[in-house]
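Notes follow once the structure below has been shown.
4 protein chains.
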Amino acid sequence: MGQELEPQVSDYEARVRASFGRQRFMEMIGARLVRLAAGEVEIELPHRADLTQQHGFVHAGVVTALADTACGYAAFTLMPAGVGVLSVEYKINLLAPARGELLVARGRVLRPGRTLTVCAGEVFARHAGEESLVATLLGTMMTVRDRPEIAD
Amino acid sequence: MGQELEPQVSDYEARVRASFGRQRFMEMIGARLVRLAAGEVEIELPHRADLTQQHGFVHAGVVTALADTACGYAAFTLMPAGVGVLSVEYKINLLAPARGELLVARGRVLRPGRTLTVCAGEVFARHAGEESLVATLLGTMMTVRDRPEIAD
Amino acid sequence: MGQELEPQVSDYEARVRASFGRQRFMEMIGARLVRLAAGEVEIELPHRADLTQQHGFVHAGVVTALADTACGYAAFTLMPAGVGVLSVEYKINLLAPARGELLVARGRVLRPGRTLTVCAGEVFARHAGEESLVATLLGTMMTVRDRPEIAD
Amino acid sequence: MGQELEPQVSDYEARVRASFGRQRFMEMIGARLVRLAAGEVEIELPHRADLTQQHGFVHAGVVTALADTACGYAAFTLMPAGVGVLSVEYKINLLAPARGELLVARGRVLRPGRTLTVCAGEVFARHAGEESLVATLLGTMMTVRDRPEIAD
């Protein structure tokens, strides 16, 4: 599938970083965009007690937010100038409780398209030097044209 | 389907409220459990600028967290004593940008089961006196037995 | 949501019936389009032994095909002239084994859109005079323009 | 993840083949189980005109049935003696119209578990000597114990 993953703008990295920087929620929870390539984005989140659910694991909603954001920006790396990106839908399987010092979310494009881009995301937990898969996501991102309030 | 929605513990409301109270993430974002019945839970979230994505709408991950939490606790209202609840998986369609003064998430049980409970969730945005549907979720919750660290 | 469900072509019923009639797979399994309204479609399938999986229940793929088709045509009732409809994605929860004399799939539009239409589907089994829910689907349908090979 | 994919019965291959052989629907559409390993199953389907939707592509429900069946049996290769396998839920993205001489569905286990096994499936179309991805599935399979009517 990789042969199609051609960026359409040369400054896609700066564009993604600027948009990520405007995500107040990512900033608030302490997430960092750590790696970026055409069709791929990696986000890290250090553990924080105020992100947990009732058993002390990181809340599934936070895990999902990381995977969704990594996938959305993975899609955005391949989009043309002047558009915005929105999540249409996603499905996530939570495979194991999210515990450990750090969560790492990786999003990648499975199929780019003019309007819809299908992405896969994975979230790993780093705990005591080991990385384990805690969630896997499959979702659809949309290229939004001609709506200035959604241009990134 | 409603005929099967029989709570198995009499204090299910107190149990859900106590568990919700331990969700540090729900507290941190300002979410409130506002309504509760057998198989149904409603959660509200007042708008806050630090919950937004790059266009100023509430982040899809937050919308998802609300719907997931409402569904998880809707399932938990019907579970027996001594167990915990975990989200197995869910899929959400984001129908419209989440803007407005308040988000309202409603979770309800579609099919209770001994191990798995299937739930539907909806998230509405209240804006200028009107309520509009912004997301719809379909997910699977699990009754966790014999794992003391996951007992609610 | 219902206020938006306005057909854009007056002959939407004839158009859906003609397209359904070209679905060789629906014909082959014995499915019938039994009811049709703006944003809603109902399909029936009498039980047949050659549609079963290893335990003698109707195969999950057949159940899914019915729900998907009902949703796709529910979306198509609201689409303009000259376009086609394709399924982008769907998620289905299989709630109970599909047994009985007849399966009934009902698809309805949750949110129509210019490009994407979000639909919900349910499949019921009629067995000994009772109807029970066996599956629930949430999916996304696409309006396909300017591709003559996909015009319905 | 692969380190955990240990079959619990030595004759898992014979068991899967026998169960697949009882799937009347797979037989009826002409599907063949072509490859089988611990945690992995491959199914092929030669094109047939009576499996198509209104545009002449193989029906999304058939594509889904192949991916679901490959995933269910991938999960079943890892299950203990005396149990059955059922699909709990799955989500599929249809990436391209399913055309070509042959469809190939590959299912593999992402995470085995005592009760739930999470699987990924892909469906490829072979057309004029080339293979292209037409669908990707993420789903949950269940180990069914103590229900003789669902023992495989």
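Chains as they are written, first to last, in our numbering: chain A, 1 to 152; chain B, 153 to 304; chain C, 305 to 456; chain D, 457 to 608.
Every residue, glycine too, gets a C-beta built ideally from N, C-alpha and C.
The structure presented is a predicted model; accordingly, all values stated were derived computationally and were not measured.
- Only residues of its own chain outside the window of five on either side were considered, and among them His363 have a CB closer than 6 Å to the CB of C/Gln357, listed in chain order.
- Under the 8 Å criterion on CB atoms, D/Leu507 is classed as interfacial with respect to chain C.
- In this structure, A/Thr69 is the residue among A/Thr69, A/Gln8, A/Ala135 with its C-alpha nearest to the C-alpha of A/Gly21.
- If the five residues before and after A/Ser132 are omitted, its C-beta is found closer than 6 Å to the C-beta atoms of Ala125, all from its own chain and listed in chain order.
- When the beta-carbon positions are compared, B/Val168 and B/Tyr225 come within less than 8 Å of each other.
- When DSSP reads this structure, D/Ile499 sits in a beta bridge with D/Leu489, D/Ala561.
- Rounded to whole angstroms, the Cβ separation of B/Leu197 and B/Ala183 is 5 Å, and the two are in contact under 8 Å.
- Of all residues in the region 192-222 of chain B, none is placed with a Cβ closer than 7 Å to any Cβ belonging to chain C.
- Taking a Cβ-Cβ threshold of 9 Å, the residues of chain C close to B/Val270 are Asn397, Leu399, Thr440, in chain order.
- Judged by their CB atoms, C/Val438 and C/Val367 are nearer to each other than the 8 Å cut-off.
- Distances from the CA of B/Gly291 to each of C/Glu317, C/Lys395, C/Asp354 were compared; the closest alpha carbon is that of C/Lys395.
- Per DSSP, the continuous alpha helix (DSSP H) segment holding A/Glu13 begins and ends at 12-21.
- Taking a C-beta distance under 8 Å as the contact criterion, A/Leu102 and C/Val392 do not qualify as a contact pair.
- Beta-bridge annotation (DSSP): A/Val85 is paired with A/Thr143.
- Between C/Gly365 and the set D/Cys527, D/Asp467, D/Gly512, the nearest pair of CA atoms involves D/Cys527.
- In the three-state reduction of the DSSP assignment, B/Arg263 falls in the strand class, which pools E and B.
- With respect to B/Phe228, B/Asp304 sits close: the two C-beta atoms are nearer than 8 Å.
- The Cβ atoms of A/Ala105 and A/Val85 lie no closer than 8 Å to each other.
- The distance from the Cβ of D/Leu534 to that of D/Gln464 is about 7 Å, consistent with a contact at the 8 Å cut-off.
- Residues of chain B with a Cβ closer than 7 Å to the Cβ of C/Thr419 do not exist; the shortest Cβ-Cβ separation is about 13 Å.
- For A/Ala75, the three-state secondary structure derived from DSSP is helix.
- For D/Thr596, the C-beta contacts it makes with chain A under 8 Å involve Asn93, in order along the chain.
- The secondary-structure analysis by DSSP pairs A/Ala125 across a beta bridge with A/Leu103, A/Ser132.
- In chain order, Phe513, Val514, Val519, Ala581, Val590 place their CB closer than 6 Å to the CB of D/Ala554, counting only its own chain and leaving out the 5 sequence neighbours on each side.
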